[in-house]
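Enquirer: Pasting a structure below so you can have a look.
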Amino acid sequence: MAPKYKKAKLKMALTKLQDTHQKRQRATDLRDMREAALAAGPKKAASQAGGANGNTSSAALKAQKKAMSKLPPPPYYDYDTILLVGEANFSFAKSLALEVLNRGDIITATTLDSFTNMMEKYPDAQENVKELEDAGATVLFEVDATKLSKIKSFKGKRFSKVVFNFPHAGAGIKDQDRNVVSNQKLMRSFFESATPFLTDTDLGDKKPGEIHVTVKTGLPYDLWNIKRLATGTGLLGNKTSFPFKPEQYPGYEHRRTIGFKEGVSQGDNVEIANKNPKTFVFVKKTAKEADMAKESETANLRKRKRAGEDVSDDEE
């Protein structure tokens, strides 16, 4: 590669990184202004928010707040210990740390990419990583989600949430059947790799850990049959599933495994907006069986009460 071309490419990357940082800073300034205005009172909040953004009227702001208030809270808490695998530009991890939980020390965010590859694929990732680390999060590179036991720093650790958002083998296989098989192998290996790192009440942890996997719906993703892959390991049981709403994670921007390419990829969350993504939640089979037993016992007690039986307090 010619030196001039290298310099031009580097200059373009730096310019894009600066633009991204400036956009994020403007968004942060706007958020801070709105929060300060809210603390001063509703009327002032509406006027200041509108003044900060000429296109945002008080009516539009109210509509936005109303829409946001209808969203369920994200299923992550400040008492969790969270392992994120397969991160792309680390914007999801950053949103969890800075926007959702207001703490980063309980987050370990990882990617299969090396730092260099990450920068080539996702120019905005470096700033996200810096802010994550400043918030106290652990960021690790070259972590294979199918071989977590190989990570020395994970020895003896367990997590209450292991999260894999929009997994993809990235094999570039055009044949749909072969592509599906490739991703099924990835997910089966991931489930087997992640299960031993879940918190477990039998091991003295307060709550059983969960594996969260978010995928798009429709073809070819429905053909992966995520639930059957998880339960087919004999290690996991299906707990629940729910729609994945990007709006719950301010600042999150979806990225493909292959990276972000100008003129090909789309920014923000356009690529998942119409794909109705869903998050599947799995727990260890023992935890699932315990939940089922508890539900059965509760149902039996209710049935006996309806039948007029005398149920003592210690049975409730």
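Each position in the sequence shown, counted from 1, maps to that position plus 1393 in our numbering. Using N, Cα and C, we set each Cβ at its ideal position, and we do this for glycine too. Bear in mind the structure is a predicted one, so any value in this text is a computation, not a measurement.
Rounded to whole angstroms, what is the Cα-Cα separation between F1557 and L1477?
Expert: If I take the Cα positions, the gap works out to 6 Å.
Enquirer: In the structure shown, what three-state DSSP assignment does I1619 receive?
Expert: DSSP places I1619 in helix when its eight states are reduced to three.
Enquirer: Taking a contact to mean a Cβ-Cβ separation below 9 Å, would you say T1626 touches F1584 in this structure?
Expert: Yes.
Enquirer: I want to know whether the segment 1560 to 1571 touches the segment 1669 to 1681 - three or more CB-CB distances under 8 Å.
Expert: The segment 1560 to 1571 is not in contact with the segment 1669 to 1681.
Enquirer: Just the Cα atoms here: how many angstroms apart are K1578 and M1512?
Expert: Roughly 27 Å between the two C-alpha positions.
Enquirer: What does the alpha-carbon distance come out to for the pair E1520 and R1695?
Expert: E1520 and R1695: Cα-Cα distance of roughly 55 Å.
Enquirer: Which one of I1475, E1640 and V1608 has the shortest CA to CA distance from M1580?
Expert: Comparing Cα positions, the closest option is V1608.
Enquirer: Going along the chain, which residues of its own chain have a beta-carbon closer than 7 Å to the beta-carbon of K1540, five neighbours each way excluded?
Expert: Only S1586 meet the Cβ criterion.
Enquirer: Anyone know if the C-beta pair for L1505 and V1536 falls short of 9 Å?
Expert: Yes. Within cutoff.
Enquirer: Would you tell me roughly how many angstroms separate the C-alpha atoms of S1658 and E1603, rounded to the nearest one?
Expert: Caution applies to S1658, whose pLDDT of 47 falls short of 50 and renders its modelled position unreliable; the value that the coordinates give is listed next. S1658 and E1603: Cα-Cα distance of roughly 32 Å.
Enquirer: Would T1531 and T1509 be called neighbours here (beta carbons separated by less than 9 Å)?
Expert: Cβ atoms of T1531 and T1509: not closer than 9 Å.
Enquirer: Please report the residue range of the alpha helix (DSSP H) in which V1493 lies.
Expert: Run containing V1493: none; DSSP gives neither H nor E here.
Enquirer: Within the same chain, show all residues whose beta-carbon is closer than 7 Å to that of K1632, passing over the 5 residues directly before and after it, in chain order.
Expert: The answer, listed in chain order, is E1603, V1674, F1675, V1676 and K1681.
Enquirer: Look at the Cβ atom of D1598, then the Cβ atom of S1553, and state whether they are nearer than 9 Å.
Expert: Their beta carbons are under 9 Å apart, which means D1598 touches S1553 by this criterion.
Enquirer: Which residues mark the beginning and the end of the alpha helix (DSSP H) in which F1485 is found?
Expert: Here the alpha helix (DSSP H) through F1485 covers S1484 to S1488.
Enquirer: Is F1675 helix, strand or coil by DSSP?
Expert: In the structure shown, F1675 sits in a strand (DSSP, three-state: E or B).
Enquirer: Which runs of the alpha helix (DSSP H), 4 residues or longer, sit entirely within the segment 1518 to 1593?
Expert: 1518 to 1527 and 1569 to 1587, all fully within the segment 1518 to 1593.
Enquirer: Since S1507 sits in a beta bridge, which residues does DSSP pair it with?
Expert: None, per the DSSP bridge assignment.
Enquirer: On the three-state DSSP scale, how would you describe M1426?
Expert: Its pLDDT being 46, under 50, M1426 is placed unreliably in this model, and the value from its coordinates should be taken loosely. M1426 falls in the helix class under three-state DSSP.
Enquirer: What first and last residue would you give for the beta strand (DSSP E) that runs through G1630?
Expert: Residues L1629 to P1636.
Enquirer: Can you give me the C-alpha to C-alpha distance between G1434 and W1617, rounded to a whole angstrom?
Expert: Low confidence applies to G1434: its pLDDT is 42, below 50, so where it sits in the model is not reliable, and the reading given next is rough at best. Between G1434 and W1617, the C-alpha separation is close to 50 Å.
Enquirer: By a C-beta neighbour count over all protein chains shown, 10 Å radius and 16 as the cutoff for buried, is S1484 buried or exposed?
Expert: With 16 or more other Cβ atoms within 10 Å, it is buried.
Enquirer: Does DSSP put R1695 in a helix, in a strand, or in coil?
Expert: It is helical.
Enquirer: How far does the beta strand (DSSP E) with L1477 in it reach, from first residue to last?
Expert: First-last of the beta strand (DSSP E) with L1477: I1475 to V1478.
Enquirer: Helix, strand or coil for T1610, going by three-state DSSP, please let me know.
Expert: T1610 falls in the coil class under three-state DSSP.
Enquirer: Please classify A1666 as buried or exposed, where buried requires at least 16 neighbouring CB atoms within 10 angstroms.
Expert: Classification for A1666: exposed.
Enquirer: In three-state DSSP terms, what is A1502?
Expert: Of the three classes helix, strand and coil, the one that applies to A1502 here is strand, per DSSP.
Enquirer: Can you tell me whether E1682 is helix, strand or coil according to DSSP?
Expert: Here E1682 sits in helix by DSSP.
Enquirer: When you compare each of E1646, R1699, T1679 and L1612 to P1516 by their alpha carbons, which one comes out closest?
Expert: Of the listed residues, the one whose Cα sits closest to P1516 is E1646.
Enquirer: Nearest CA to the CA of L1494: which residue from V1555, I1619 and Q1641?
Expert: For the residues V1555, I1619 and Q1641, the minimum Cα distance to L1494 belongs to Q1641.
Enquirer: Taking 9 Å as the cut-off, decide whether the C-beta atoms of V1555 and P1613 are in contact.
Expert: Cβ atoms of V1555 and P1613: not closer than 9 Å.
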